[in-house]
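Down below is the structure, laid out as structure tokens.
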Amino acid sequence: MQNYGKFYQKSWEERINHISQNEKLTKEQIQILKNSAHNKSLGDTMIENYITDYSYPEGIAFHYLINNKRYLVPMVTEEPSVVAASSHGAAIIAKAGGFLAKTSERLMIGQIILESVEDSAKLIIEIQKLTKDLLVVADQAHPSLKKRGGGTRWLKTHILAEDLVVLNIAIDVQEAMGANMINTMLEAVAARLEAVLRQQVLMSILSNYATECLASTTCKIPYELLSKNGFAGEIIAQKIVQASRVAQLDTYRAATHNKGIMNGIDAVVMASGNDWRAIESGAHAYAARNGQYKGLSTWKISGDYLVGELEMPLPVGFIGGSIGIVPLVSLNQKLMKITSARELEQIIVSVGLAQNLAALLALVSEGIQKGHMRLQLKSLVIAAGANVAEEAVLVDKMLQADKRDIASAKKILTDYRKKDKNG
Ligand code: NDP
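Terminal number for the sequence shown in this note's numbering: 423, no gaps in between.
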């Protein structure tokens, strides 16, 4: 390992020179690093040891009709067919009248973990007596939140183990995701607990299990909108209901069911400048809320309709974090024509359900690979070295090939180029 010393103290040029020399990068590789660094000052503001920008493609999903309002949905993803599937699912649901989406309060839970507790029952009584004071301390640590109508809502304690007590504080975060604000408030409360009760604090941090910041959406699709590949809509609906049951019963399937939902959700979370790790961890914890990990969405038959529902924690911000400093995020908010975190939550949860519908439709009718084969093959032939002009021809050739792996793609490309050269 080469010595990188105080890399963070170096200028961007010095970092590029240093890493290029140490790692013996070629001229072309150095150029890639330099050319990809589109916004050095922003990168340096956002993270540590910045060298370049790693960009993801952004696309627009269409046909979203949510609570009678039409939306364009920017999606940032590296995965082929996510944007197309999203628009496809949304189009079916729009024809059926669209999504009905709702949000709960926007409360986040902050936790203070107390350790080396000698008498946990006694400590809980002492904390309960101090509750009002502790909530005031928390609010005073970030007073602007209370001025905006947010701030602390309640405090609850419980025993985790003989020597461990947890204190959960619910905080209305208004338009922000709230992590930094909450952590500041918790640290003030922790200091008060240490001072007044002489109680040792292990840690103070928000919880990403945002059970008090939920978004939900539903849709009701008549059978006739579901018929596909010669299958009657009713049959497709029944198969989707079965697929939904399987995701409630089998963890292997549930994980993949939810991955499909998160394909859409993460893409919009990223486009809106939010923290997708926070959303992912909360979503999966919520999927296991009854003790078994299950599919987040459910599909049922009601009359001649397929009814879909999705509910999950969505503590996204409309303000705060990197949202205000990344110009593309503001532009994406404008494209979505949204004015609040709640409206963003409603879009994101609906995207999750549309994505789920599209995936299940493909799975129960033609199989996921066939439906998305062209897009997958496009990535494959590019990985094999095809240029833009060769892409379409190569995809057609791959569709006729027995094997659809990278080695076959490379061989087909070599043969094609030889033929092309020889006329
Ligand atoms: P910020 O630290 O940026 O705080 C929100 C800011 O928005 C505040 O400064 C507040 O201003 C301002 N603001 C303006 N208008 C409003 C309004 N109407 N409602 C609420 N705030 C408003 O962001 P967050 O506290 O939301 O933290 C989010 C970031 O924290 C994310 O980037 C996340 O990645 C990161 N993070 C996540 C963790 C986790 O998930 N476990 C842990 C730690 C960090 P004012 O100061 O005037 O109140």
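No residue lacks a Cβ here, since even glycine has one placed at the ideal position from N, Cα and C.
Note that the structure is a prediction, hence the values are computed from the model and not measured.
- DSSP places Asn17 in the uninterrupted alpha helix (DSSP H) bounded by 12–22.
- Per DSSP, Met75 lies in no alpha helix (DSSP H) segment; the continuous beta strand (DSSP E) that holds it begins and ends at 69–76.
- Within a 10 Å sphere around the beta-carbon of Gly98 sit 16 or more other beta-carbons, which makes this residue buried.
- In the DSSP assignment, Val166 falls within the unbroken beta strand (DSSP E) covering 164–172.
- Placement of the Cβ of Glu175 at a distance of less than 7 Å from at least one heavy atom of the ligand NDP is found.
- By the Cβ neighbour-count rule, Met270 is buried, with 16 or more other Cβ atoms within 10 Å of its own.
- Only buried fits Thr77, as 16 or more other CB atoms lie within 10 angstroms of its CB.
- The beta-bridge partner set that DSSP reports for Gln111 consists of Asn168, Ile205.
- Within the same chain, Cβ atoms closer than 6 Å to the Cβ of Lys397 are found at Ile412, the five residues on either side in sequence being excluded.
- The DSSP-derived three-state label of Thr152 is strand.
- When beta bridges are read from the DSSP output, Ser297 appears opposite Leu310.
- Not one heavy atom of the ligand NDP sits closer than 7 Å to the Cβ of Arg106.
- For Val307, same chain residues with a beta-carbon under 8 Å away, outside a window of 5 residues either side, are Thr218, Cys219, Lys220, Ile221, Trp299, Lys300, Ile301 in chain order.
- Relative to Met312, the option among Tyr209, Leu361, Leu363, Glu14 whose CA is nearest is Tyr209.
- Partner residues in a beta bridge of Thr131, as assigned by DSSP, do not exist.
- In the structure shown, the three-state DSSP call for Ala384 is coil.
- Here Ala195 is exposed. Its C-beta has fewer than 16 other C-beta atoms within 10 Å.
- By the Cβ rule, the stretch 343–356 does not count as touching the stretch 174–194, because fewer than three pairs are nearer than 8 Å.
- The alpha-carbon of Ala237 is positioned some 35 Å away from that of Tyr56.
- In terms of Cα proximity to Lys419, the closest of Arg70, Ala407, Phe231, Glu390 is Glu390.
- Buried is the label assigned to Ile92, since at least 16 other Cβ atoms lie within 10 Å of its Cβ.
- The straight-line gap separating the alpha-carbon atoms of Thr211 and Gly110 is approximately 12 Å.
- The beta carbon of Ala121 sits closer than 8 Å to the beta carbons of Ile159 from its chain, once the five residues preceding and following it are set aside; these are given in chain order.
- Here Thr211 carries a coil assignment [DSSP, helix/strand/coil].
- By a beta-carbon distance limit of 8 Å, Pro74 does not contact Met262. Their separation comes to about 17 Å.
- Within the chosen limit of 7 Å, the ligand NDP does not reach the beta carbon of Ser116 with any heavy atom.
- The stretch 141–161 and the stretch 124–132 touch, with three or more beta-carbon pairs separated by less than 8 Å.
- Per the Cβ contact rule, the stretch 279–290 is in contact with the stretch 309–327 (3 or more Cβ pairs under 8 Å).
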